[in-house]
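For the sequence shown, UniProt numbering begins at 1 and goes up steadily by one.
Where a beta carbon is used, it is the ideal one built from N, C-alpha and C, also for glycine.
Being a predicted model, the structure only gives us computed values, none of them experimental.
In what follows, a structure is listed as structure tokens, so that the remarks can point back to it.
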Amino acid sequence: MAVTIPEAAPFIQAAVEAASASTAMSVTEQLHRFVFEPFQAAAGRGFRSTKLFTTPFLIVIDGLDECEDQQEAQAFIDSMIDFFKHNPHIPLRFFITSRVEQHIQSHLQADSVVMDDLVGHGSRDDIATFLETAFEAESQRNPIIQAYIRQNGSWPQKTDKERLVNYIGGSFIFASALFKYIVTPSGDGLTPMKRLALAFNMDPGLDGLYTQTLARAAHLSHFSDVISTIARLRAPLSISGIADLLGIQSFEVVHVLVDLQAIIQVPGTDSLPITLCHTSLQDFLKNKSRSGRFCAPPSRHLRLAYLCFNVNMKNGQKESPLQHTNDDHSRSRQADALLYSRHACQVHWYRFWEVCWHNFDLEELARQTVPNDYVPQALGMYMLTEWTKHLARGLDSRDSDDIKHWLETPVGLIVGKWLRDGIEITDDTFKVFERNVNLAFQAVRTKLPELLPQWRYVHRTSDTFDLNLVARSLVTCDRFIGLRMDYVAKSASWGED
Numbered sequence: 001m002a003v004t005i006p007e008a009a010p011f012i013q014a015a016v017e018a019a020s021a022s023t024a025m026s027v028t029e030q031l032h033r034f035v036f037e038p039f040q041a042a043a044g045r046g047f048r049s050t051k052l053f054t055t056p057f058l059i060v061i062d063g064l065d066e067c068e069d070q071q072e073a074q075a076f077i078d079s080m081i082d083f084f085k086h087n088p089h090i091p092l093r094f095f096i097t098s099r100v101e102q103h104i105q106s107h108l109q110a111d112s113v114v115m116d117d118l119v120g121h122g123s124r125d126d127i128a129t130f131l132e133t134a135f136e137a138e139s140q141r142n143p144i145i146q147a148y149i150r151q152n153g154s155w156p157q158k159t160d161k162e163r164l165v166n167y168i169g170g171s172f173i174f175a176s177a178l179f180k181y182i183v184t185p186s187g188d189g190l191t192p193m194k195r196l197a198l199a200f201n202m203d204p205g206l207d208g209l210y211t212q213t214l215a216r217a218a219h220l221s222h223f224s225d226v227i228s229t230i231a232r233l234r235a236p237l238s239i240s241g242i243a244d245l246l247g248i249q250s251f252e253v254v255h256v257l258v259d260l261q262a263i264i265q266v267p268g269t270d271s272l273p274i275t276l277c278h279t280s281l282q283d284f285l286k287n288k289s290r291s292g293r294f295c296a297p298p299s300r301h302l303r304l305a306y307l308c309f310n311v312n313m314k315n316g317q318k319e320s321p322l323q324h325t326n327d328d329h330s331r332s333r334q335a336d337a338l339l340y341s342r343h344a345c346q347v348h349w350y351r352f353w354e355v356c357w358h359n360f361d362l363e364e365l366a367r368q369t370v371p372n373d374y375v376p377q378a379l380g381m382y383m384l385t386e387w388t389k390h391l392a393r394g395l396d397s398r399d400s401d402d403i404k405h406w407l408e409t410p411v412g413l414i415v416g417k418w419l420r421d422g423i424e425i426t427d428d429t430f431k432v433f434e435r436n437v438n439l440a441f442q443a444v445r446t447k448l449p450e451l452l453p454q455w456r457y458v459h460r461t462s463d464t465f466d467l468n469l470v471a472r473s474l475v476t477c478d479r480f481i482g483l484r485m486d487y488v489a490k491s492a493s494w495g496e497d
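As structure tokens, then:
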């Protein structure tokens, strides 16, 4: 400011000298002492050596959301707003770039603040302008392009430029690399026109950038979870949606993403979807030979299936937090994750089996847990009709050592309480359950007779059917053995049911 406004220089100098002998000042105090007061003093004397601009002087503050002290950031905003409230005609403005996080947004609700979300604008038009300008400049100095235009008309054609913009996908880095490939001679004997046609099949060549950028945040908590989730999602999720899916807080997701903004578009608010600067990033993260330690393997679909299942179960309670919260922000966050989970849970599960079932470590499946405080009715129906059937098949067609180990594992308190309380089912459901349990019982008697003292026959009590030790043996502590039975059944008779 002292260089731009020489009249302010002596006031800034005096403020700095006075401050050197005083105690440490807060950011807000520094703003007033070194910016506002010198500017006001200079404005009071008139900008004699500086031509008075028709527009105010502008100070740019980049990345306000990266201030670690949230209270100090809030005080900084409040102080600026208060200053302009009392000095509305002063020729000074601030341009602030920041994610509009909750602690910032609540302090920006003032008439003197104009907010604009850059995500809503996108970069498509800017990239189109860049290409238009770059090709125009190249045509002025490249004799090959000039000769082509004299004989054939304008180049590239409008349709080719539109294809390039679509292919670039919002990444300025890729746009620059693609343009250089097209117009820069490389000893291949090709003209820019030939290279333009080849450019649409060109590898973006961004693997080095991806590796370098991801390495900056690799040491952070939840990095692997956040990145592999983004890589394997079926549709973009918001920051809050990913946080709710992973069971962490939004700021923890942002903490991972802020250093990755060269390759991932981080929205200004937690409710807007996270998008990739270029679709090649997703391909990179899925390819082990390209991404190495950053790879999100197909087995990630299993984890996502569990996470989606967990969100569905949480919001399937009679007293759903989604229905009863008065917090609009919380409701929006839950709705985002819930909507995705309802649509994608089965997709992730089937995708896992499609790709990984034949060579997946079964014990890895056992280590996956679904933290919850209840078992919903729908899961109970599935347990009754499907897991009993899979148990019988497994005992009938596989070595029983693993199954014996699972059946001897104590049931958890969550499922145990549900089993003790009983569940209401229809006659038809009970008949299916009874038939499958009898088949499983016969298999146990044949292969694992030592378990027989733990098994009893299923019986009715009025209109409710108790789930006794037979059903109790189908689940393990904090795990769902039915998934293991699915594995056993599919391994034994792939394609049935």
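For the beta strand (DSSP E) that contains residue i, what are its first and last residues?
{"i": "threonine 97", "result": "92-97"}
For residue i, count neighbouring C-beta atoms within 10 Å of its own C-beta (all shown protein chains included) and say buried if the count is 16 or more, exposed if not.
{"i": "asparagine 436", "result": "buried"}
{"i": "histidine 343", "result": "exposed"}
{"i": "histidine 278", "result": "buried"}
{"i": "valine 3", "result": "exposed"}
{"i": "tyrosine 350", "result": "exposed"}
{"i": "alanine 471", "result": "Caution is warranted here: a pLDDT of 41 is assigned to alanine 471, below 50, making its placement in the model unreliable, and no coordinate value can be reported."}
{"i": "arginine 124", "result": "exposed"}
{"i": "threonine 229", "result": "buried"}
{"i": "isoleucine 12", "result": "buried"}
{"i": "proline 192", "result": "buried"}
{"i": "arginine 45", "result": "exposed"}
{"i": "leucine 233", "result": "buried"}
{"i": "leucine 302", "result": "buried"}
{"i": "isoleucine 263", "result": "buried"}
{"i": "serine 240", "result": "buried"}
{"i": "threonine 464", "result": "At threonine 464, the pLDDT of 36 sits below 50, so the modelled position is not reliable; the number obtained from the coordinates is stated separately. Result: exposed."}
{"i": "lysine 314", "result": "buried"}
{"i": "threonine 55", "result": "exposed"}
{"i": "leucine 118", "result": "exposed"}
{"i": "arginine 300", "result": "buried"}
{"i": "histidine 348", "result": "buried"}
{"i": "phenylalanine 76", "result": "buried"}
{"i": "aspartate 336", "result": "buried"}
{"i": "methionine 80", "result": "buried"}
{"i": "alanine 18", "result": "exposed"}
{"i": "proline 267", "result": "buried"}
{"i": "serine 38", "result": "The residue asked about is misnamed: residue 38 is proline in this sequence, not serine. Classification of proline 38: buried, given that the 10 Å Cβ count is 16 or more."}
{"i": "valine 16", "result": "exposed"}
Hey, out of the options, whose CA is closest to residue i's CA?
{"i": "serine 112", "options": "Arg124, Phe135, Phe83 and Glu138", "result": "Phe83"}
{"i": "glutamate 136", "options": "Gly241, Gly268, Gln157 and Lys194", "result": "Gln157"}
{"i": "leucine 339", "options": "Met25, Asn310, Phe39 and Phe352", "result": "Asn310"}
{"i": "valine 183", "options": "Thr159, His121 and Gln146", "result": "Gln146"}
{"i": "leucine 272", "options": "Ile61, Tyr148 and Gly122", "result": "Gly122"}
{"i": "leucine 198", "options": "Arg163, Pro143, Gln109 and Glu66", "result": "Arg163"}
{"i": "glutamine 265", "options": "Ser238, Ile77 and Glu450", "result": "Ser238"}
{"i": "alanine 42", "options": "Glu7, Asn87 and Gln109", "result": "Glu7"}
{"i": "leucine 281", "options": "Gln249, Ala243, Ala305 and Leu214", "result": "Leu214"}
Along the alpha helix (DSSP H) that carries residue i, what are the first and last residues, could you check?
{"i": "proline 192", "result": "192-199"}
{"i": "histidine 283", "result": "Looking at the sequence provided, one finds aspartate at residue 283 rather than histidine. Run containing aspartate 283: 280-286, per the alpha helix (DSSP H) assignment."}
{"i": "arginine 150", "result": "143-152"}
{"i": "histidine 219", "result": "Neither: histidine 219 is in no alpha helix (DSSP H) and is coded neither H nor E."}
{"i": "isoleucine 242", "result": "239-246"}
{"i": "isoleucine 274", "result": "Per DSSP, isoleucine 274 belongs to no alpha helix (DSSP H) and is neither H nor E."}
{"i": "phenylalanine 179", "result": "172-183"}
{"i": "alanine 440", "result": "427-447"}
{"i": "glutamate 162", "result": "158-168"}
{"i": "valine 3", "result": "Run containing valine 3: none; DSSP gives neither H nor E here."}
{"i": "histidine 255", "result": "250-257"}
When the cut-off is 7 Å and only beta carbons count, does residue i lie next to chain C?
{"i": "aspartate 160", "result": "Considering every chain present, this structure includes no chain C. It has just one protein chain."}
Original post:
Is the stretch 191-203 close to the stretch 259-279, with three or more CB pairs under 8 Å?
Top reply: The stretch 191-203, when compared against the stretch 259-279, does not touch it at the 8 Å Cβ threshold.
Original post:
Counting only runs that start and end within the stretch 25-81, where is the beta strand (DSSP E) found for 3 or more residues in a row?
Top reply: Unbroken beta strand (DSSP E) stretches of 3 residues or longer found wholly inside the stretch 25-81: 57-62, given in chain order.
**OP:** Pair every Cβ in the stretch 206-215 with every Cβ in the stretch 285-296, then say whether three or more of these pairs are closer than 8 Å.
**Re:** These segments touch.
Original post:
At a cut of 8 Å, does the stretch 59-74 reach the stretch 84-97 through at least three beta carbon pairs?
Top reply: These segments touch.
Original post:
How do the stretch 213-232 and the stretch 166-180 stand: do at least 3 beta-carbon pairs fall below 8 Å, yes or no?
Top reply: At 8 Å Cβ cutoff, the stretches do not touch.
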